[in-house]
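Here's the structure we're looking at; comments come further down.
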Amino acid sequence: MTSQMVKSPTAKSWFPYALLVAAAIALDQWVKYLVETGLAFQEKVDLVPFLALYRTYNTGIAFSMFSSFGDTGLVVIAAFVVAFVLYLAARTPPGHVLTRIGFALIVGGAIGNLFDRVTYGHVIDYILFHTPVWSFAIFNLADAFIAVGAVVVVFDELIGWRREAKPSSD
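Quick note: the sequence shown uses the numbering used here, first residue 840, plus one each step.
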């Protein structure tokens, strides 16, 4: 095989995804700064009947789970998750653009929350979906990036699976 036939991934091919990771982190941290400097602690500000801003701190991970692990334990878990997602992204073929975008969103969100945990010892949460009798867990933009990224990865994998499952018309 000649060097023209085998192309290895270059830094240039990862640049758009690295840019997306950086943008997700920057946007997350900017919004958290605005929340910290402009929103009273644990005081609900209704935006619409089902959505409010409510600044609070999460000492665990999703839905305050594992708060007993302490800061160091949660930092290690978050770093492991970021490393694992980066490993999966590196093994993803270049043609799977949606999957790579999903992984970039997951990594950006995870690093945004990791930055909070290392800097403050907690994660800043501020988005509250609710009804008069029920409320969803309070979360932040980084959590939304992680959730949307995971949905994009699963969606792209399902599309790929369906494409492979179709019989060829040869």
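Glycine included, each C-beta is placed from N, C-alpha and C at the ideal position.
- Contact between F942 and V924 holds, since their C-beta atoms are separated by about 5 angstroms, short of 8 angstroms.
- A distance below 8 angstroms separates the beta carbons of S852 and P933.
- Residue pairing by DSSP puts R894 in a beta bridge opposite F880.
- Listed as beta-bridge partners of L967 by DSSP are A891.
- Between A891 and D885, the C-beta spacing is below 8 angstroms.
- Cβ contact annotation for V957 (same chain, cutoff 7 angstroms, sequence separation greater than five): V914, in chain order.
- Excluding sequence positions up to five before and after L967, its CB lies within less than 8 angstroms of the CB of K883, L890, A891, L892, Y893, S974, F975 and I977, all in the same chain and listed in chain order.
- Fully enclosed alpha helix (DSSP H) runs of no fewer than 4 residues occupy 909 to 929 and 936 to 959 of the region 896 to 969, in order along the chain.
- In the structure shown, the three-state DSSP call for F978 is strand.
- The Cβ atoms of V991 and I940 lie closer than 8 angstroms to each other.
- For the set F854, W1000, Y959 and H935, the Cα lying nearest the Cα of Q868 is the one of Y959.
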